[in-house]
DNA sequence: GGATCCTTCTTCTTCTTC
């Protein structure tokens with residue numbers, strides 16, 4: 010590559026390295042795919058130039074040495090500044106690797122005949138010890154990068170909409186999410202309305218959620234055996250709680266399901282930020298909670314769109330779930346013992 | 001009745017060219 014750049018330069022053509030690489034690759038491919046007879050050298054009078062070729066090829070000492078090339082580089086580009094390599098720390102491991110699964114519970118392959126979905130209301134009565142929630146823990150343990158981008162986004166939005174405008178915008182986003190969840194509760198509770206054969210009649214829903222319901226209709230076709238809806242789960246040992254959106258079978262697999270609304274498309278799981286951690290946290294809590302007799306090791310994040318565009322359904326299989334569970338345990342550790350690194354977050358632009 | 005809780009969302013470089 011290095012030499013090629015020079016050759017191109019010496020030929021009087023300044024070509025950026027990346028471009029010259031492409032040229033190089035192209036020429037190699039071209040040479041390999043083209044018949045030899047088309048070689049531009051085939052018409053060269055080799056007899057005439059044989060002495061020149063011999064003299065070049067027989068030269069024992071190249072005019073260019075690594076040292077001369079280095080000196081030339083230093084003159085043209087300046088001294089090499091080596092980038093600071095990121096420190097290769099060992100990946101963090103939770104201090105206590107608490108299990109996601111409950112060894113006393115079997116993984117069900119078939120569903121027992123059950124009544125309506127479980128729905129355990131949150132009960133934070135007076136005198137009960139405070140138990141932090143999944144949302145609170147995730148919010149308070151955001152990485153410096155996450156905090157930075159969120160804060161920057163907020164500043165930009167306020168600059169555009171004003172304080173009051175931004176407040177109204179945020180409230181509207183929350184309202185859409187809440188309305189969508191309310192509609193889903195109705196759909197999932199009255200199972201007959203969406204079981205196979207019965208198409209969802211979106212016009213039955215309030216206009217503001219019709220698009221979202223349309224968006225998830227293809228996902229609902231694969232949802233069966235709803236076991237829990239908007240139900241509180243609390244981890245018996247790790248002492249945190251949350252409210253799980255839904256537990257049901259998706260394509261035959263028992264899952265913790267999280268329904269989301271989004272303005273932006275989220276075609277990849279990585280677009281959902283901490284959502285996978287959220288469902289891992291719920292799954293672990295449910296698996297240890299005595300109010301539930303089964304356990305879940307898979308998850309599903311469904312991102313619905315207001316304009317009715319088909320929702321993205323991101324499956325989190327058991328293997329992925331156990332990875333997210335470990336990360337969740339780290340966030341839980343950070344929540345209980347905040348680390349000083351969080352204070353080193355860069356400040357957003359003004 | 002009022003206060004609080006959980007959840008509802010929000011982030012990922014940026015520009016040019018075709």
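In my numbering, the protein residues as written are 10 to 359. Beta carbons: idealized from backbone N, C-alpha and C, even for Gly.
**Q.** Simplified DSSP assignment, three categories, for residue 235
**A.** If DSSP states are grouped into helix, strand and coil, residue 235 belongs with the strands.
Q: Please state if the CB of residue 128 and the CB of residue 240 are separated by a distance shorter than 7 angstroms.
A: yes
Q) Where residue 294 and residue 181 are concerned, what is the direct C-alpha to C-alpha distance, given to the nearest angstrom? A) Each residue's Cα considered, the two are about 31 angstroms apart.
Q: Can you give me the start and stop residues for the alpha helix (DSSP H) that residue 8 sits inside?
A: Absent from the structure is residue 8, since the part of the chain shown begins at 10 and ends at 359.
Q: Please confirm if the stretch 290-305 is in contact with the stretch 233-251, defined as three or more CB-CB distances below 8 angstroms between the two stretches.
A: yes
Q) Using the beta-carbon count (16 or more within 10 Å), is residue 345 buried or exposed? A) exposed
Q) Taking C-alpha atoms, which residue in 223, 130, 211, 102 lies nearest to residue 320? A) 223
(Q) Using a 10 Å radius around the Cβ and a threshold of 16 neighbouring Cβ atoms, would you call residue 330 buried or exposed? (A) Buried, because 16 or more other Cβ atoms sit within 10 Å of the Cβ of residue 330.
**Q.** Three-state class that DSSP yields for residue 339 in the structure shown
**A.** Correct three-state label for residue 339: helix.
Q. Closest by CA to residue 267, which one among 131, 257, 114, 332?
A. For the residues 131, 257, 114, 332, the minimum Cα distance to residue 267 belongs to 257.
Q) Looking only at its own chain, which residues have a Cβ that is under 7 angstroms from the Cβ of residue 64, when we skip the five neighbours before and after it? A) Residue confidence is low: residue 64 scores 45 on pLDDT, short of 50, so the model does not pin down where it sits. Its coordinate-derived value is still stated next. Taken in chain order, the list of residues that qualify is empty.
Q.
Using a 10 Å radius around the Cβ and a threshold of 16 neighbouring Cβ atoms, would you call residue 147 buried or exposed?
A. buried
(Q) Measuring straight from C-alpha to C-alpha, what distance separates residue 210 and residue 194? (A) 15 angstroms
(Q) Can you list, in chain order, the residues of its chain with a C-beta nearer than 7 angstroms to that of residue 260? Leave out the 5 residues immediately preceding and following it. (A) 231
**Q.** Top-ranked residue by Cα proximity to residue 324, from 289, 165, 213
**A.** 289
Q. Opposite residue 313 in the DSSP bridges: which residues?
A. Residue 313 pairs with 270.
**Q.** Through-space distance from residue 306 to residue 277, alpha-carbon basis
**A.** 20 angstroms
Q. In the structure shown, what three-state DSSP assignment does residue 258 receive?
A. strand
Q.
Helix, strand or coil, according to DSSP, for residue 211 in the structure here?
A. helix
Q.
Could you tell me the alpha carbon to alpha carbon distance between residue 163 and residue 217, rounded to whole angstroms?
A. 25 angstroms
Q) Cα separation between residue 348 and residue 152? A) 11 angstroms
Q. Roughly how many whole angstroms lie between the Cα atoms of residue 141 and residue 291?
A. 13 angstroms
Q: Output the residue ranges of the alpha helix (DSSP H) runs that lie fully inside the stretch 110-182 and measure 4 residues or longer, sorted by chain position.
A: 143-149
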